[in-house]
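Here the sequence shown is numbered in the numbering used here, starting from 499 and rising by one per residue.
Note sheet for the following structure.
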Amino acid sequence: MSWFYRNALRPLLFTQDAESIHNRTMAMLNWVGRNELVSDAMRSFLGAPELPIELFGLRFPNPVGLAAGMDKNAEALPSWAAMGFGFTELGAATWHAQPGNPPPRVFRAIPEDAIVNRMGFNNLGAEAIAEKLADWKKLGRWPAHPVGMNLGKSKITPLDRAAEDYANSFRVLRPHLDFFVVNVSSPNTPNLRQLQDKSALDEILAALNEVQSPTSPGIQSPIANRQSPILVKVAPDLSFEALDEILELAGPRQIAGIVATNTTITRPPTEDAAAQRVYAETGGLSGRPLRSRSTEIIRHLYRQTRGTLPIIGVGGIFNAADAWEKIAAGASLIQVYTGLVYEGPAICRAIVGGVLDRLEAKGFRQLPPAIGSETREKWIIK
Ligand SMILES: Cc1cc2nc3c(=O)[nH]c(=O)nc-3n(C[C@H](O)[C@H](O)[C@H](O)COP(=O)(O)O)c2cc1C
Numbered sequence: 499m500s501w502f503y504r505n506a507l508r509p510l511l512f513t514q515d516a517e518s519i520h521n522r523t524m525a526m527l528n529w530v531g532r533n534e535l536v537s538d539a540m541r542s543f544l545g546a547p548e549l550p551i552e553l554f555g556l557r558f559p560n561p562v563g564l565a566a567g568m569d570k571n572a573e574a575l576p577s578w579a580a581m582g583f584g585f586t587e588l589g590a591a592t593w594h595a596q597p598g599n600p601p602p603r604v605f606r607a608i609p610e611d612a613i614v615n616r617m618g619f620n621n622l623g624a625e626a627i628a629e630k631l632a633d634w635k636k637l638g639r640w641p642a643h644p645v646g647m648n649l650g651k652s653k654i655t656p657l658d659r660a661a662e663d664y665a666n667s668f669r670v671l672r673p674h675l676d677f678f679v680v681n682v683s684s685p686n687t688p689n690l691r692q693l694q695d696k697s698a699l700d701e702i703l704a705a706l707n708e709v710q711s712p713t714s715p716g717i718q719s720p721i722a723n724r725q726s727p728i729l730v731k732v733a734p735d736l737s738f739e740a741l742d743e744i745l746e747l748a749g750p751r752q753i754a755g756i757v758a759t760n761t762t763i764t765r766p767p768t769e770d771a772a773a774q775r776v777y778a779e780t781g782g783l784s785g786r787p788l789r790s791r792s793t794e795i796i797r798h799l800y801r802q803t804r805g806t807l808p809i810i811g812v813g814g815i816f817n818a819a820d821a822w823e824k825i826a827a828g829a830s831l832i833q834v835y836t837g838l839v840y841e842g843p844a845i846c847r848a849i850v851g852g853v854l855d856r857l858e859a860k861g862f863r864q865l866p867p868a869i870g871s872e873t874r875e876k877w878i879i880k
């Protein structure tokens, strides 16, 4: 399948503009998701082997998730499980519906296996997305894996009202989802990344905690009473010192984990003229060139927390070797976006299969002992 995708399907798909093909694919996956028989057929081709792991009180059938931004409005929710994903992160959702930046806003740098995007959180808004989620449940098509939501700030909301904006989205979406990711790291909403600053992030997390505090109005129903795990997604461009400041909030604000990383505003050198043109576009870079920086961040976070805070590793994962690098550095779960675009829909099956092989070769019977194994080796030697 991967060979067929790379050599036959992908060249055909890549003749079209990136956002148009994305929209067509999402429409097709929406149809697949509504149709049980077709979903089952897709699962039998693409479903991944089991490699279960428990985190935040949730059971993940395998550690490979869909990264935020692919299914912003929960259009294709059931299809991701059928494609073999062990969890799905929807969104980003913002409190106010918004169109995002004007197109074109997604660009492929094919020779570098990379994408530059400046989507700018185009989405239907938290309330409309909550309705879509309720519809999937009513249809009986809710996936049998954890589903989370990436929360962004509405463009029209000033930075000093950000906490309220995030809290509003959280309040309406919370009853529907298993976990949440506070996205303060997208480069495509003006000044958003300033919210990674410790005091600004502290204010946002306090507001979210308040929404689910036992004294909050309407919290008494059993579903509302459940505490939703809240993770924070960080930029690969942060210094280690800035990351350490974020980690200082983990205990006081009950951060359940860190998603590392979002796209980068930096650009690596490239000789290729087509890639240079894409790199000249404003936006965040994802894919192969992001891989090593995001792994470095994961390694740092794992070392600083001595493995006590779960990390979701994302950035430039295309195959099992890339996934293993992130796991061995300290990621408990991983996610893909650009890898799915370049490697195709059999990517989960390939990654989970390859990780299982590596576990066996290393003598591990489950995933947890492999998490951070290479980072731990280094601190033992030191
Ligand atoms: C077109 C596009 C849209 C994205 N939208 C979001 C988003 O809404 N929220 C978010 O946290 N990350 C978003 N991301 C970042 C991805 O979730 C991921 O962190 C990043 O692309 C690195 O992973 P990758 O190299 O596997 O793509 C987006 C990425 C792309 C390419």
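Note that the Cβ used here is the ideal one computed from N, Cα and C, for glycine as well.
It should be emphasised that the depicted structure is a prediction, and the values quoted were computed from it without experimental measurement.
When C-alpha distances from D770 are compared across F585, E573 and R606, the shortest belongs to R606. The DSSP-derived three-state label of R603 is coil. Using a Cβ-Cβ distance cut-off of 8 Å, the segment 756–765 and the segment 549–557 are not in contact, since fewer than three pairs of beta carbons, one from each stretch, lie closer than that value. For G531, same chain residues with a beta-carbon under 7 Å away, outside a window of 5 residues either side, are S537, A574, L575, P576, S577 and R639 in chain order.
By the criterion of a C-beta distance shorter than 6 Å, W593 is surrounded in its chain by A624, S652, D663, N666 and S667, once the five residues flanking it on both sides are discounted. The beta carbon of Q833 sits closer than 7 Å to the beta carbons of G563, L564, A565, E587, I810 and V812 from its chain, once the five residues preceding and following it are set aside; these are given in chain order. Runs of the alpha helix (DSSP H) spanning 4 or more residues and lying entirely within the segment 626–687 occur at 660–671, in chain order.
In this structure, the CA atom of E858 is about 37 Å from the CA atom of R765.
In this structure I849 is buried. Its beta-carbon is surrounded by 16 or more other beta-carbon atoms within 10 angstroms. Between ligand 1 and S683, a heavy atom-to-CB distance of less than 8 Å is present.
Annotation for I825 indicates a beta carbon at 8 Å or more from all heavy atoms of ligand 1. Below 8 Å, enough C-beta pairs join the segment 735–744 and the segment 688–699 to call them touching: three or more. Taking 3 residues as the minimum length, the beta strand (DSSP E) runs contained wholly in the segment 764–839 are 782–785, 809–812 and 831–834, in order along the chain.
Between V604 and V679, the gap from beta carbon to beta carbon reaches 9 Å or more.
Here the alpha carbon of V776 sits roughly 43 Å from the alpha carbon of Q710. Membership of A758 in any alpha helix (DSSP H) is not indicated; the residue belongs instead to the beta strand (DSSP E) covering G755 to A758. Ligand 1 never approaches T523 closely enough for any of its heavy atoms to be under 8 Å from the residue's Cβ. R751 carries a coil assignment under DSSP once its states are collapsed to helix, strand and coil. For the pair L535 and G582, the CB atoms are not nearer than the 9 Å cut-off.
If you check the CB distance, N571 and L622 come in under 9 Å. Under the three-state reduction of DSSP, E587 is assigned to strand. Going by beta carbons, R669 and L703 fall outside the 9 Å limit.
F619 and H674 have their C-alpha atoms some 20 Å from each other.
Proximity to P600 across V645, F558 and E517 peaks at E517, based on C-alpha coordinates. Using a cutoff of 8 Å, the CB of L788 counts as near ligand 1, since one of the ligand's heavy atoms is closer than that.
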